[in-house]
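Going by the numbering used here, the sequence shown opens with residue 839, and the numbers climb by one from there.
Cβ atoms here follow ideal geometry from the backbone N, Cα and C, with glycine treated the same way.
Bear in mind that the values here come from a model prediction, so they are computed numbers and not experimental data.
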Amino acid sequence: MYVQTTYLNRTYLSALYQLMGVFPDNIPHHLDYEKYQICKEDYLSLFQRRQIDCKDKCLQHFLIHQVNATHDFLLHVDDENCPRFSLVKDIMKDSAHYKNITSWFLDNLGPRVRDITKWSNITIPKILVNVCGYLQWAHQDKLELNFDYTNEDLKHCHAVGDSKLYFKSYGANETWILGSFEFLKQLQEFIHILDHNEKSQNQIFWQKYFNMHFHQNLPKDKVPLFPKFIHYAAHAETLSLFTEGLGMHSPKRAQPGSALFIEFYRGDDAQSYVRFFIKNENEAEQFIKPSWQKNDKATTQELYDYILSIIYQRAHDENFIEKQCENLNYDIEQHSIYSPEKALNELIQEYQLYPNSYQSLHAQNIQEQRIRHDL
């Protein structure tokens, strides 16, 4: 088993807690006990409690590997380590394409939000997005607000928040390619290992991180086996980039605590297949069928060919994305752009937004205010 997380503590702890639950006969490193004070947690197994003070020759340690943010182009491509990623997002955010989407929400939701909040300056998309974001988190944390809102308001606000995914992920192909490139290349390498018995030591994108961390825990004369289970702990934004890259387009953001499972398996016909599941918090796993999958089952060769078709043969250099991130030559007119009209319609359908009835509700509120004023 191999576990890798981003540099942030929350992803490290997420991976650690999951491992502690799945493998009660394994223990965290004693430094984890001390740094995160997990010895106080009531969900530790009896074995883990007994091993808390173990600092030397401990049995069955968890090995979780974190990558410095500056060099993590697998799980954490962001504005800081990839200037091109930041540039493309900024261009898309300021584009007429994205403004077409936000204008619709400002026209259809803006009047209603001004009514319920009594805040008249909600006149630009940015303020509407911020107010909606506040409303969502307040609802999730069961905070009491000084105004009332309906489920319809909440539904519209979720859609407003999801509209940001257009400039952050799928509006420009370049965004999700940068964010998912090394992950997709690794999947191709896994197929080489599983289907063609190629050595994992020869797979450059896999070894780039695995070599960096895992080898230091083994004797020099021992060659590490390719793990049967690989767990990557990243952020919801990264998961959205990965699913977009895998041909699983969704106008909705990945939820906090959600997970993507990719399972490689051998069928009765001795052919190798791959299947995908999405697991959201407190929900059952859902089977996901990518856009490129033709039949009920997807072969690993289909996945390999699909990845090849979208990122082609341009990366035999493990530092390709790192170099590409420094390339600030980007012209929106020269690249594929996702239709904003299609993106908006997807959100309307996904949340079953009915602009005409919503405008009627707004008009009714105005009429009620006038009646109260007349009285």
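Pairwise C-beta distances place the region 1135-1143 in contact with the region 1026-1043, as three or more of them are shorter than 8 Å. Going by beta carbons, Val-1112 and Phe-1102 fall inside the 8 Å limit. Of the candidates Val-915, Gln-1190, Tyr-1004, Tyr-1004 places its Cα closest to the Cα of Ile-1175. With respect to Pro-866, Leu-854 sits close: the two C-beta atoms are nearer than 8 Å.
Separation of the CB atoms of Asp-917 and Phe-923 is rounded to 6 Å, and the pair is thereby assigned contact status at 8 Å.
Contact annotation: Ile-929 and Tyr-1168 have beta-carbon atoms nearer than 8 Å.
DSSP places Tyr-1070 in the uninterrupted beta strand (DSSP E) bounded by 1068-1071. Between the region 960-977 and the region 1032-1048 there are fewer than three C-beta pairs closer than 8 Å, too few to call the two in contact.
Going by DSSP, Val-969 is part of the alpha helix (DSSP H) stretching over 963-978.
The continuous beta strand (DSSP E) containing Arg-1104 extends over residues 1097-1104.
Contact between Leu-857 and Asn-864 holds: their C-beta atoms lie close to 7 Å from each other, under 8 Å. Under DSSP, the beta-bridge partners assigned to Thr-843 are Gln-904, Ala-1071.
By the neighbour-count criterion, in which 16 or more other beta carbons inside 10 Å mark a residue as buried, Ala-1122 falls on the exposed side. In this chain, the beta strand (DSSP E) harbouring Ile-1116 covers 1110-1117.
Take the alpha-carbon of Lys-956 and the one of Phe-943: they are about 18 Å apart. Residue pairing for Ile-1175: DSSP places it in a beta bridge opposite Ala-1010. Exposure of Gln-875 is indicated by the presence of fewer than 16 other C-beta atoms within 10 angstroms of its C-beta. When Cβ pairs closer than 8 Å are counted between the two stretches, the region 1071-1084 is seen not to touch the region 1104-1111, the count staying below three. Between the beta-carbon of Asp-1000 and that of Pro-1089 there is about 6 Å, and that keeps the pair under the 8 Å contact cut. CA-CA distance, His-903 to Tyr-850, rounds to 8 Å. With respect to the C-alpha of Phe-1021, the residue from Ile-1042, Tyr-1008, Lys-1002, Lys-1006 having the closest C-alpha is Ile-1042. For the 8 Å CB-CB criterion, Ile-939 and Gly-948 do not form a contact.
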